[in-house]
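**Q** Residue numbers (the numbering used here): 561 to 1350. The structure is given below, and queries will be raised subsequently.
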Amino acid sequence: MSHRIRLAVLLTALLVAAGGYVYLNSPLHREGAAAMPGISVDKSASLALDEETKAVIRSYIADVKLDPKEDNLGAAIRLDHEVGRQQVSQGKIKDAYRTYQKVLAISYREGNLMGVGIGLGALATAAERADQMDDAVYLTLLAYKVAQAMKKPEEMGVMELALAQRLEREDPSIARMWLLRARDSLKDTRYKEDYIRFLVRLPSDLCCTGDRKTGLKPHGEAWEMAQSLGDAPTHKWTKWDAGLVYADDLIEQKRANEAAMVLQKTLAFFSPAEKSSESYTDVLHRIGLVYAAQHKEEEAKRYFMAAYANYELSRANAPGDEGRAKLDLHHQRFINDFVDLYIRSKDFAAAVALLESNKARTLSDLMETPSQRQAYGRWREMESRHAKEISELFQPGDDALLPVRVMDLFSKAATLVKNQDEERRHLQSELNLKDITATRSVSKEEVQDLQRRLPSDMAALSFFVRSDKTAVFVLTSQGVRHIPLELDATELRRTVETLRLALTNPDNDFYREPAKALFTKLLAPALKALPTSVKIVLYSPDGIISRIPLTVLMDGDRFAGERYAFYSVSSLRYATSAATVKVSPAGIGVSCVDPQIQNARLPFQQEAGQELKKLYGEKMILLGGAACSESGLAAAIQQERAPFFLYVGAHGNFYPENAMESAVYLTAEEGDKSGARVWNAKAMAALDMSRLELVTLSSCESGLKDPKRARDVFGIARALFFAGAKQVIAPLWSVEDQSSAEFMHAFYAAYAEKQPAVLALQRAEQAMMKNPQYRHPYYWSAFVLTGATR
561 MSHRIRLAVL LTALLVAAGG YVYLNSPLHR EGAAAMPGIS VDKSASLALD
611 EETKAVIRSY IADVKLDPKE DNLGAAIRLD HEVGRQQVSQ GKIKDAYRTY
661 QKVLAISYRE GNLMGVGIGL GALATAAERA DQMDDAVYLT LLAYKVAQAM
711 KKPEEMGVME LALAQRLERE DPSIARMWLL RARDSLKDTR YKEDYIRFLV
761 RLPSDLCCTG DRKTGLKPHG EAWEMAQSLG DAPTHKWTKW DAGLVYADDL
811 IEQKRANEAA MVLQKTLAFF SPAEKSSESY TDVLHRIGLV YAAQHKEEEA
861 KRYFMAAYAN YELSRANAPG DEGRAKLDLH HQRFINDFVD LYIRSKDFAA
911 AVALLESNKA RTLSDLMETP SQRQAYGRWR EMESRHAKEI SELFQPGDDA
961 LLPVRVMDLF SKAATLVKNQ DEERRHLQSE LNLKDITATR SVSKEEVQDL
1011 QRRLPSDMAA LSFFVRSDKT AVFVLTSQGV RHIPLELDAT ELRRTVETLR
1061 LALTNPDNDF YREPAKALFT KLLAPALKAL PTSVKIVLYS PDGIISRIPL
1111 TVLMDGDRFA GERYAFYSVS SLRYATSAAT VKVSPAGIGV SCVDPQIQNA
1161 RLPFQQEAGQ ELKKLYGEKM ILLGGAACSE SGLAAAIQQE RAPFFLYVGA
1211 HGNFYPENAM ESAVYLTAEE GDKSGARVWN AKAMAALDMS RLELVTLSSC
1261 ESGLKDPKRA RDVFGIARAL FFAGAKQVIA PLWSVEDQSS AEFMHAFYAA
1311 YAEKQPAVLA LQRAEQAMMK NPQYRHPYYW SAFVLTGATR
């Protein structure tokens, strides 16, 4: 929790306890800023606010410049209704912020409390949309103080509701107190919609205290009141939300028939144009859950497929990879429920296909260069059209009671997808797009084909983690199995984080207990299902599992890596051919080691580069010291025409708040006085690495990915795969110069002997285990091999 949010929570607690006023002065803004130029009459003295509050409001509008024609409340109203609201709805948050600064400035100078409150509230919304929660809380508290000065309970209630929402993540107990205040302020006012939204939110907070039955009554009241709202967009959203939460309660109370009636009625609130929304997907999902609870599998599959098709359509039209990632996160519960539906029907191949199709989804959605933008535009237009065709096929009819054979729908869908695949292949060839960009979802048939084609020495694991349970799917040449694990998500997270912490301290053996616990509950059940001939385990992690190396998990005193070689993929959709796991090593390479950075040299990486030169001779380009720059590296990568490998030995940083800014630090370019060149993930993605068979990074934390999007793959590996690299070896924590150089020497010694990367990595691990100086897994288990090829 940040210092400013902690302060806000403390002050709001005091406010709730004492019922008094609160004043917060944001350190991001200048206190007591000068009055705005350009407006002749200043009526702000008439505002019923204390001087301190006026000063902080002025700090938010100090730099606003207004045209004299905007010197009236009519202009402020037009800015709000005709400009600001559209900017917010279109996601133009910075523009909206500037617009509402003007609304606030005009209203303040005109001495209009209502306008001041509207301006502050809208600025808070814009700050929240921009993930500036500190400012959002400050601005909402200011707007609340203005509402108090207006002596209008309904306006206070709106701000109390907003405060509850914005404080919920930081302090649920304080948020609940604001919700209770909002109830008293909004009830029996003209702000009926806001009161309904309060009722919709209140039960979830009561659930936190275990009072489930008490929560049901407000849901029902919200649902009854919501049906009388009109057809304005906000009224529609409120009706949808009320129907969803009430149905959720009814489902949990095992009142499936009532839930079905509520949900079918909620469906009727959507116009044809609104059926591509996330809310419509949510309603279809809940109807599927109702039928699943009643063991009506055909009907459940029909609605789950309709929801999934609608989700695909929403995703195809979402703005950019960040928008798609947020959509994926929002619908993760739906995907998990759909996977569970297939599990209950024993269709494990279909379950794996669905799960793996929804891992690392944005890997193919990375930024494009200007020259690619037009081509990708055509590609996305095609994907949007394909998604709409599938969505229309599975769309429920006007009469939900008319029977529809699910098998008929699946048959029609199979024909449609076959035709769409043919169009995809033609357009990919025409536009010369990368394979990873054109990778679509994996089908049940492809999962079965992968399983049948697995060689006798290889098996595949697909991990499935949801909030209440975990499982693993085991794929061998003998079939697909589903194995529930005796490990819930809370215990998994706690044990993984304990193991990670212990692995970063080579001075003790505290890693042993969590490594054994995870082996017993996470890995051993899957390994017991493997034929004795299996030596290589291809696995797709899920959630927090991606933050640990499976090789370090222990059965007694023996590491899993001593028996198996592990090969990770972000999703099985990027590894539908098992042959890529044991691809022949590249015979030529490029190394970029020990960049020339003052007080940050890496002498052992320089030695590692020299060892590579000895192994490969003239087939190795060595960029050491001053030559290890971004321009030098880019030139070396572009000049190679045959398949090759790349080794980088340099400092690195992972940024969890913005994973695509994670970087490796290289020698500064000529004329650059910064001391080091930041080679970040976005820059990596812009290079053509299509001939790179393997990238090996001896750079701290470069194998990590965004923890908030645990089923996705935001980070350096994502950029390298998008650029065309086929395999990446990178560490999951900070590594030490000398030991990592020793590890890489052992790895490349085996790689140079024509050992595939997966087996060469195992050889290196075992060599380090035998060395008393490096036997602790801190030194050798950080490096994980991940592939992304088809």
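All residues carry an ideal CB built from backbone N, CA and C; glycine is no exception. Small disclaimer: the values here were computed from a predicted structure and weren't measured.
By the 10 Å Cβ neighbour count, where 16 or more other Cβ atoms means buried, how is L901 classified, buried or exposed?
**A** Within the sequence shown, numbered from 1, the residue matching residue 901 stands at position 341. It counts as buried.
**Q** Quick one: grab the DSSP three-state call for S1022.
**A** Taking the first residue of the sequence shown as 1, we reach residue 1022 at position 462. Strand.
**Q** For G1039, count neighbouring C-beta atoms within 10 Å of its own C-beta (all shown protein chains included) and say buried if the count is 16 or more, exposed if not.
**A** The count along the sequence shown starts at 1 and reaches residue 1039 at position 479. Exposed is the call here.
**Q** Starting from F1126, trace the beta strand (DSSP E) both ways and give me its first and last residue.
**A** Start at 1 with the first residue of the sequence shown, and residue 1126 comes out as number 566. 1125 to 1129 is the extent of the beta strand (DSSP E) around F1126.
**Q** Within the same chain, show all residues whose beta-carbon is closer than 6 Å to that of K603, passing over the 5 residues directly before and after it, in chain order.
**A** For the purposes of this step, residue 603 is taken as residue 43 along the sequence shown, with counting starting at 1. Around K603: E670, G671.
**Q** Compare the Cα-Cα distances from A1285 to each of Y1207, K1268, G1235 and report the closest residue.
**A** Residue numbering aside, residue 1285 sits at position 725 when the sequence shown is read from its first letter. Taking only the C-alpha atoms, the option nearest A1285 is Y1207.
**Q** Give the range of the beta strand (DSSP E) segment to which W1239 is assigned.
**A** Here residue 1239 refers to the residue found at position 679 when the sequence shown is read from its first residue. Note, W1239: beta strand (DSSP E), 1237 to 1240.
**Q** From this set, L639, K614, I666, which residue's C-alpha is nearest V601's C-alpha?
**A** Along the sequence shown, read from residue 1 onward, the residue named residue 601 stands at position 41. Closest by alpha carbon: I666.
**Q** Would you identify the three-state DSSP class for F1282, choosing helix, strand or coil?
**A** Residue numbering aside, residue 1282 sits at position 722 when the sequence shown is read from its first letter. F1282 falls in the helix class under three-state DSSP.
**Q** So what does DSSP say about F894, is it helix, strand or coil?
**A** As a working mapping, residue 894 is identified with position 334 in the sequence shown. Residue state, collapsed to three classes: helix.
**Q** Return the CA-CA distance between R940 and A833, expressed in angstroms with no decimal places.
**A** Counting from 1 along the sequence shown, the entry for residue 940 is found at position 380. Counting from 1 along the sequence shown, the entry for residue 833 is found at position 273. R940 and A833: Cα-Cα distance of roughly 20 Å.
**Q** Can you name, in chain order, every residue of its own chain whose Cβ lies under 6 Å from the Cβ of D888, other than the five neighbours on each side?
**A** The residue given as residue 888 occupies position 328 in the sequence shown. Excluding residues within five positions, the ones whose Cβ falls inside 6 Å are R921.
**Q** For I1289, which residues from the same chain have a beta carbon less than 6 Å from its beta carbon, with the 5 sequence-adjacent residues on both sides left out?
**A** Position 729 of the sequence shown holds residue 1289. Counting only Cβ-Cβ distances below 6 Å, and skipping sequence neighbours, we find T1256, F1343, L1345.
**Q** Leaving out the 5 sequence neighbours to the left and right, which residues in its chain are closer than 6 Å to A876 when beta-carbon positions are compared?
**A** Here residue 876 refers to the residue found at position 316 of the sequence shown. Excluding positions up to five away in sequence, the list reads E943, S944, A947.
**Q** Starting from Y1099, trace the beta strand (DSSP E) in both directions and tell me its first and last residue.
**A** Along the sequence shown, read from residue 1 onward, the residue named residue 1099 stands at position 539. First-last of the beta strand (DSSP E) with Y1099: 1096 to 1100.
**Q** So what's G592 in DSSP terms, helix, strand or just coil?
**A** Reading the sequence shown from its first residue, position 32 is the one you call residue 592. Low confidence applies to G592: its pLDDT is 33, below 50, so where it sits in the model is not reliable, and the reading given next is rough at best. If DSSP states are grouped into helix, strand and coil, G592 belongs with coil.
**Q** In the structure shown, what three-state DSSP assignment does H779 receive?
**A** In the sequence shown, residue 779 corresponds to position 219, counting from 1. Reduced to three states, the DSSP call for H779 is helix.
**Q** Could you check what DSSP says for E1229 in three-state terms: helix, strand or coil?
**A** Along the sequence shown, one-based indexing puts residue 1229 at 669. It is coil, neither helix nor strand.
**Q** I'd like the span of the beta strand (DSSP E) that includes P1155, first residue to last.
**A** The residue given as residue 1155 occupies position 595 in the sequence shown. From DSSP, the beta strand (DSSP E) with P1155 extends over 1149 to 1155.
**Q** Spatial neighbours of A1062 within its chain, please: C-beta separation below 6 Å, excluding the five flanking residues on both sides.
**A** As a first step, residue 1062 is located in the sequence shown; it is residue number 502 there, counting from the start. Once the five neighbours on either side are set aside, the close Cβ partners of A1062 are F1070, Y1071.
**Q** Just list the beta strand (DSSP E) runs in the segment 601 to 663, keeping only unbroken ones of 3 residues or longer that don't cross its boundaries, in chain order.
**A** Listed in chain order, nothing qualifies, since the segment 601 to 663 has no complete beta strand (DSSP E) run of 3 or more residues.
**Q** Here's a check: name, in chain order, each residue in its chain whose Cβ is nearer than 6 Å to the Cβ of A722, leaving out the five neighbours to either side.
**A** Along the sequence shown, read from residue 1 onward, the residue named residue 722 stands at position 162. Taken in chain order, the residues that qualify are T700.
**Q** Which residues mark the beginning and the end of the alpha helix (DSSP H) in which F1274 is found?
**A** Taking the sequence shown and counting its residues from 1, the one referred to as residue 1274 is at position 714. It is not in any alpha helix (DSSP H) - F1274 carries neither H nor E in the DSSP assignment.
**Q** Out of A802, V977, D995, I950, point me to the one whose CA is closest to S1003's CA.
**A** For this step, residue 1003 is matched to residue 443 along the sequence shown. The option with the nearest alpha carbon to S1003 is V977.
**Q** Could you have a look at L915 and say whether DSSP puts it in helix, strand or coil?
**A** Stepping through the sequence shown from its first residue, residue 915 is reached at position 355. Here L915 sits in helix by DSSP.
**Q** Do Q1287 and E1253 come within 8 Å of each other at the CB atom, strictly closer than that value?
**A** The count along the sequence shown starts at 1 and reaches residue 1253 at position 693. The count along the sequence shown starts at 1 and reaches residue 1287 at position 727. Contact: yes.
**Q** Under three-state DSSP, which class holds V1034?
**A** Your numbering for residue 1034 matches position 474 in the sequence shown. In the structure shown, V1034 sits in a strand (DSSP, three-state: E or B).
**Q** State the CB to CB distance for the pair H891 and P1066, rounded to an integer number of angstroms; the pair is presumed to be in contact (CB under 8 Å).
**A** Counted from its first residue, the sequence shown places residue 891 at position 331. Counted from its first residue, the sequence shown places residue 1066 at position 506. H891 to P1066, Cβ: 42 Å. No contact.
**Q** Where does L1087 sit, in a helix, a strand or coil, going by DSSP?
**A** Taking the first residue of the sequence shown as 1, we reach residue 1087 at position 527. Note: L1087 maps to helix in three-state DSSP.
**Q** Write down the C-beta distance between D925 and D881 rounded to the nearest angstrom, noting that I regard them as a contact closer than 8 Å.
**A** In the sequence shown, residue 925 corresponds to position 365, counting from 1. In the sequence shown, residue 881 corresponds to position 321, counting from 1. That belief holds up - the Cβ atoms of D925 and D881 are roughly 4 Å apart, short of 8 Å.
**Q** Output needed for L1319: all residues of its chain with C-beta closer than 8 Å, excluding positions within five of it in sequence on either side, in chain order.
**A** Taking the sequence shown and counting its residues from 1, the one referred to as residue 1319 is at position 759. Cβ neighbours of L1319 beyond the five flanking positions: I1096, A1125, K1142, A1310.
**Q** CB S788 to CB N870, shorter than 8 Å?
**A** Counting from one through the sequence shown, the residue named residue 788 turns up at place 228. Counting from one through the sequence shown, the residue named residue 870 turns up at place 310. Not in contact: S788 and N870 (Cβ atoms no closer than 8 Å).
**Q** Using 8 Å as the threshold, is the C-beta distance between A703 and L740 below it?
**A** By 1-based counting over the sequence shown, the position of residue 703 is 143. By 1-based counting over the sequence shown, the position of residue 740 is 180. Taking 8 Å as the Cβ cut-off, A703 and L740 do not qualify as a contacting pair.
**Q** Terminal residues of the continuous alpha helix (DSSP H) containing E812?
**A** As a first step, residue 812 is located in the sequence shown; it is residue number 252 there, counting from the start. Per DSSP, E812 belongs to the alpha helix (DSSP H) from 793 to 812.
**Q** Could you check the C-alpha separation between Y1215 and R757 for me, to the nearest Å?
**A** Here the question's residue 1215 lines up with position 655 in the sequence shown. Here the question's residue 757 lines up with position 197 in the sequence shown. For Y1215 and R757, the distance between alpha carbons rounds to 36 Å.
**Q** Using a 10 Å radius around the Cβ and a threshold of 16 neighbouring Cβ atoms, would you call T794 buried or exposed?
**A** Within the sequence shown, the letter at position 234 stands for residue 794. That one is exposed.
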